[in-house]
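J.: Each protein sequence line maps, in turn, to chains A and B. Per the numbering used here, the first sequence runs over residues 358 to 622. Per the numbering used here, the second sequence runs over residues 358 to 622. Ideal Cβ placement from N, Cα and C applies to all residues, glycine included. This structure is a prediction, so every number in the text was calculated from the model and none was measured.
2 protein chains.
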Amino acid sequence: MLSRSHEAVASSSNLLLSKLTPLDYQRLLPHLRAVSLPAGHTLYEAGASIQNVYFPAQCVVSLRLTASAGTDVEVAAIGREGLVGIDACFGGMPPTHRAEVIIGGKAWQAPASLVREDFSRGGALGKLLLRFNQSLHTQTCQAALCCRLHSVEQRLSNLLLSLRNRVGTDEVSLTQEEVAHMLGVRRSGVTVAAGILRAEGLIEYRRGSMTVVDAARLGSRACECYHVVGKPIGTAVKDLTVIPSPHYGRASRPRYARLPIALSG
Amino acid sequence: MLSRSHEAVASSSNLLLSKLTPLDYQRLLPHLRAVSLPAGHTLYEAGASIQNVYFPAQCVVSLRLTASAGTDVEVAAIGREGLVGIDACFGGMPPTHRAEVIIGGKAWQAPASLVREDFSRGGALGKLLLRFNQSLHTQTCQAALCCRLHSVEQRLSNLLLSLRNRVGTDEVSLTQEEVAHMLGVRRSGVTVAAGILRAEGLIEYRRGSMTVVDAARLGSRACECYHVVGKPIGTAVKDLTVIPSPHYGRASRPRYARLPIALSG
DNA sequence: AAGCCTTTGTGCGAAAGCGTCCATTGACAA
DNA sequence: TTGTCAATGGACGCTTTCGCACAAAGGCTT
Numbered sequence: 358m359l360s361r362s363h364e365a366v367a368s369s370s371n372l373l374l375s376k377l378t379p380l381d382y383q384r385l386l387p388h389l390r391a392v393s394l395p396a397g398h399t400l401y402e403a404g405a406s407i408q409n410v411y412f413p414a415q416c417v418v419s420l421r422l423t424a425s426a427g428t429d430v431e432v433a434a435i436g437r438e439g440l441v442g443i444d445a446c447f448g449g450m451p452p453t454h455r456a457e458v459i460i461g462g463k464a465w466q467a468p469a470s471l472v473r474e475d476f477s478r479g480g481a482l483g484k485l486l487l488r489f490n491q492s493l494h495t496q497t498c499q500a501a502l503c504c505r506l507h508s509v510e511q512r513l514s515n516l517l518l519s520l521r522n523r524v525g526t527d528e529v530s531l532t533q534e535e536v537a538h539m540l541g542v543r544r545s546g547v548t549v550a551a552g553i554l555r556a557e558g559l560i561e562y563r564r565g566s567m568t569v570v571d572a573a574r575l576g577s578r579a580c581e582c583y584h585v586v587g588k589p590i591g592t593a594v595k596d597l598t599v600i601p602s603p604h605y606g607r608a609s610r611p612r613y614a615r616l617p618i619a620l621s622g
Numbered sequence: 358m359l360s361r362s363h364e365a366v367a368s369s370s371n372l373l374l375s376k377l378t379p380l381d382y383q384r385l386l387p388h389l390r391a392v393s394l395p396a397g398h399t400l401y402e403a404g405a406s407i408q409n410v411y412f413p414a415q416c417v418v419s420l421r422l423t424a425s426a427g428t429d430v431e432v433a434a435i436g437r438e439g440l441v442g443i444d445a446c447f448g449g450m451p452p453t454h455r456a457e458v459i460i461g462g463k464a465w466q467a468p469a470s471l472v473r474e475d476f477s478r479g480g481a482l483g484k485l486l487l488r489f490n491q492s493l494h495t496q497t498c499q500a501a502l503c504c505r506l507h508s509v510e511q512r513l514s515n516l517l518l519s520l521r522n523r524v525g526t527d528e529v530s531l532t533q534e535e536v537a538h539m540l541g542v543r544r545s546g547v548t549v550a551a552g553i554l555r556a557e558g559l560i561e562y563r564r565g566s567m568t569v570v571d572a573a574r575l576g577s578r579a580c581e582c583y584h585v586v587g588k589p590i591g592t593a594v595k596d597l598t599v600i601p602s603p604h605y606g607r608a609s610r611p612r613y614a615r616l617p618i619a620l621s622g
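(1) What is the DSSP secondary structure of Pro452 (chain B), reduced to helix, strand or coil?
(2) Just the Cα atoms here: how many angstroms apart are Pro544 (chain B) and Ala537 (chain A)?
(3) For Gly546 (chain B), report the span of its beta strand (DSSP E) as first-last.
(4) Who are the Cβ neighbours of Leu559 (chain A) in its own chain at under 7 Å, not counting the five residues just before and after it?
(5) Does the beta carbon of Lys484 (chain B) come closer than 8 Å to any beta carbon on chain A?
(6) Mind checking Gln499 (chain A): buried by the 16 CB within 10 Å criterion, or exposed?
(7) Is the shortest distance between the beta-carbon of Ile600 (chain A) and the beta-carbons of chain B less than 8 Å?
(8) For the alpha helix (DSSP H) containing Pro589 (chain B), name the first residue and the last one.
(9) Beta-carbon separation of Asn515 (chain B) and Gly436 (chain B) under 8 Å?
(10) Kindly say whether Arg432 (chain B), judged by its beta-carbon, lies nearer than 8 Å to any beta-carbon of chain A.
(11) Determine the direct distance from the alpha carbon of Thr497 (chain B) to that of Pro601 (chain A), and round the result to whole angstroms.
(12) Could you please tell me which residues of the segment 576 to 594 of chain B, in chain order, have their CB closer than 8 Å to any CB of chain A?
(13) I want to verify the contact list: residues of chain A whose CB lies under 8 Å from the CB of Gln499 (chain B), in sequence order.
(14) What number of angstroms, rounded off, separates the C-alpha of Arg507 (chain A) from the C-alpha of Val441 (chain B)?
(15) In this structure, how does DSSP classify Leu377 (chain B) when only helix, strand and coil are distinguished?
(16) For a test of the three-state rule: what should DSSP assign to Thr532 (chain A), helix, strand or coil?
(17) Check the Cβ-Cβ distances between Ser425 (chain B) and every residue of chain A, and say whether any is below 8 Å.
(18) Check the Cβ-Cβ distances between Met567 (chain B) and every residue of chain A, and say whether any is below 8 Å.
(19) Per the DSSP calculation, Leu420 (chain B) is bridged to which residue(s)?
(20) Whose C-beta lies closer than 8 Å to the C-beta of His584 (chain A) among residues of the same chain, with five residues either side of it excluded?
(21) Taking the alpha-carbon positions, what's the Tyr411 (chain A) to Leu385 (chain A) distance?
(22) Should the segment 449 to 456 of chain A be called in touch with the segment 477 to 495 of chain B, which here means at least 3 C-beta pairs below 8 Å?
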């Protein structure tokens with residue numbers, strides 16, 4: 358028995374879900390499963406077919422490519438504004454990227470096959486997915502430019518602000534090592550850049566966590582890429598009802614052996 | 358009166374067109390217009406709505422972002438294997454990138470509205486477009502990684518081979534300056550890299566043109582990105598009937614005031 | 001309280017690429 | 001033929017980042 362509160366929470370915690378027509382939403386709802394995604398968990402591997410899609414509630418998922426040398430580069434990130442695994446909705450080949458949870462938290466899981474069928478039906482849901490797909494592509498384009506032209510410091514500012522906008526809190530649970538993986542730079546490069554930003558009072562940090570202190574000034578240190586993709590996402594997400602006391606913060610620490618935990622269904 | 362030869366040429370000069378079902382193809386054919394696209398011509402601007410889409414026959418089109426500092430970065434390239442302006446088919450916002458012809462040549466032009474309608478009808482054409490869209494996204498992902506991690510020399514090798522595969526000739530009409538724009542690096546950086554590759558007998562070049570001499574060895578100098586996206590495209594395109602004596606080579610020189618020239622219709 | 005392991009701080013030299021400048025050289029046009 | 005201009009060849013010091021190595025904490029476990 359899925360209660361009405363379940364329903365209310367699902368649609369108000371993810372922007373895509375909240376934008377569905379009542380009909381589409383009702384069709385999807387019985388198949389949504391509340392899960393808690395631990396940081397570090399891989400939702401799908403590069404080259405593997407996608408079994409489940411995820412509508413993040415408070416978590417953030419990073420789409421990454423791994424170079425043959427082993428270095429990672431983030432090509433996009435998805436939070437409350439989107440859907441992880443959209444490639445599965447369109448059929449086609451498995452994606453070449455990997456989806457990894459970077460900020461742990463709740464999400465709504467649905468079978469990929471279901472969303473694929475809903476998409477092929479066309480209509481409002483299809484339009485919504487295509488629209489999100491385009492915004493994802495825009496992110497990736499900007500990532501290419503950003504990787505090529507902008508400094509570690511700019512990109513770090515960008516990253517922190519974007520994460521903040523997506524999770525809705527000033528503090529994010531990340532080590533400098535993880536940040537380095539996202540940016541595709543050395544860990545010590547992050548240490549230096551973060552040190553500068555801290556010295557100027559723009560951010561604060563301790564082991565395994567970084568906090569945005571002065572978002573406005575940090576925004577002026579970020580590259581244009583933030584203003585093109587990160588900020589719009591932040592404003593889009595603002596009108597979402599905030600879910601009180603998520604699992605956030607607790608789920609992020611021991612990132613090795615934790616698997617997604619079903620909260621209902 | 359559109360002759361049968363017109364029909365044969367269209368479907369055999371572009372991979373997407375050749376993959377259409379007879380029905381879809383017949384519906385599209387009366388609206389296809391043969392145009393000659395001069396190098397340097399912009400097919401659509403960033404932020405502008407797309408009026409026409411293009412099925413390249415012998416030309417190659419570069420999708421680019423311009424940073425606020427003025428530097429360009431290529432996020433994808435499209436040749437005979439694809440369609441320029443696919444964003445228009447899905448509705449949504451105008452793209453944030455620009456589409457610019459880098460290798461002049463023939464293409465088939467169609468009204469964006471028409472292809473959009475055909476897409477929303479669903480069916481085989483829709484699947485085809487979604488599939489190509491995904492391959493475009495794969496390219497962009499790889500571009501992000503490539504920009505971040507690989508050397509000018511590797512990326513130059515990659516670029517030359519990819520272009521060669523798309524146009525079907527070993528020689529491509531490009532100045533080092535134009536190559537530099539594509540890679541997002543200095544012009545003199547290209548000079549140095551090209552000099553090394555020439556010294557080793559992998560490529561040859563003169564003013565305004567570069568030639569692949571030893572594709573196999575050049576491939577081993579290119580980064581993995583070539584093998585992930587450029588080479589597959591090359592093999593996919595191979596089964597296309599080669600069109601004899603295209604406008605290629607002539608259309609590439611005076612790249613300022615030339616507008617697309619209708620060859621029929 | 002002690003020990004341990006992860007995370008952060010820091011300091012090298014090396015390498016790649018940048019920005020800028022100017023010399024040389026093709027190729028086209030007058 | 002000659003003039004002109006775009007395209008290529010190189011050089012300079014400078015900045016950013018890399019790759020590596022090691023020291024100094026912070027925080028959890030026992």
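T.: This is what the structure gives:
(1) By 1-based counting over the second sequence, the position of residue 452 (chain B) is 95. Of the three classes helix, strand and coil, the one that applies to Pro452 (chain B) here is coil, per DSSP.
(2) Residue mapping note: residue 544 (chain B) aligns to position 187 of the second sequence, counting from 1. Residue mapping note: residue 537 (chain A) aligns to position 180 of the first sequence, counting from 1. The identity of residue 544 (chain B) in the sequence shown is Arg, whereas the question assumes Pro. Taking the straight line joining both Cα atoms gives about 30 Å.
(3) As a working note, residue 546 (chain B) is residue 189 in the second sequence. Element bounds for Gly546 (chain B): not the beta strand (DSSP E) but the alpha helix (DSSP H), 544 to 556.
(4) As a working mapping, residue 559 (chain A) is identified with position 202 in the first sequence. Cβ within range, chain order: Val570, Asp571, Arg574, Leu575, Arg578.
(5) Numbered from 1 along the second sequence, position 127 holds the residue referred to as residue 484 (chain B). So, interface residue.
(6) To locate residue 499 (chain A), count along the first sequence from 1; it is residue 142. Gln499 (chain A) should be labelled buried.
(7) Residue numbering aside, residue 600 (chain A) sits at position 243 when the first sequence is read from its first letter. Residue confidence for Ile600 (chain A) is low, a pLDDT of 49 falling below 50, so the modelled location carries little weight and cannot support an answer.
(8) By 1-based counting over the second sequence, the position of residue 589 (chain B) is 232. Note, Pro589 (chain B): alpha helix (DSSP H), 588 to 595.
(9) As a first step, residue 515 (chain B) is located in the second sequence; it is residue number 158 there, counting from the start. As a first step, residue 436 (chain B) is located in the second sequence; it is residue number 79 there, counting from the start. Not closer than 8 Å, so no.
(10) If you number the second sequence from 1, residue 432 (chain B) lands on position 75. Looking at the sequence shown, residue 432 (chain B) is not Arg but Val. Yes - at least one Cβ of chain A is within 8 Å of the one on Val432 (chain B).
(11) Here residue 601 (chain A) refers to the residue found at position 244 when the first sequence is read from its first residue. Here residue 497 (chain B) refers to the residue found at position 140 when the second sequence is read from its first residue. Any answer about Pro601 (chain A) is weak, because its pLDDT of 46 lies below 50 and its placement is not dependable; what the coordinates show is given next. Roughly 38 Å between the two C-alpha positions.
(12) Glu581, Val585
(13) Walking along the second sequence from the start, residue 499 (chain B) turns up at place 142. Chain A residues near Gln499 (chain B): Leu422, Thr453.
(14) Numbered from its first residue, the first sequence carries residue 507 (chain A) at position 150. Numbered from its first residue, the second sequence carries residue 441 (chain B) at position 84. Note that residue 507 (chain A) corresponds to His in the displayed sequence, not to Arg. For His507 (chain A) and Val441 (chain B), the distance between alpha carbons rounds to 28 Å.
(15) Numbered from its first residue, the second sequence carries residue 377 (chain B) at position 20. Reduced to three states, the DSSP call for Leu377 (chain B) is coil.
(16) For the purposes of this step, residue 532 (chain A) is taken as the residue at position 175 of the first sequence. Looking at Thr532 (chain A) - three-state DSSP - the assignment turns out to be coil, as it is neither helix nor strand.
(17) The count along the second sequence starts at 1 and reaches residue 425 (chain B) at position 68. Yes, Ser425 (chain B) lies at the interface with chain A (some Cβ there is under 8 Å from its Cβ).
(18) Position 210 of the second sequence holds residue 567 (chain B). Output row for Met567 (chain B): interface = no.
(19) As a working note, residue 420 (chain B) is residue 63 in the second sequence. B:Ala433, B:Ala456.
(20) Against the first sequence, residue 584 (chain A) aligns to sequence position 227. So the qualifying residues of the chain are Gly576.
(21) If you number the first sequence from 1, residue 411 (chain A) lands on position 54. If you number the first sequence from 1, residue 385 (chain A) lands on position 28. Distance between the alpha carbons of Tyr411 (chain A) and Leu385 (chain A): 12 Å.
(22) yes
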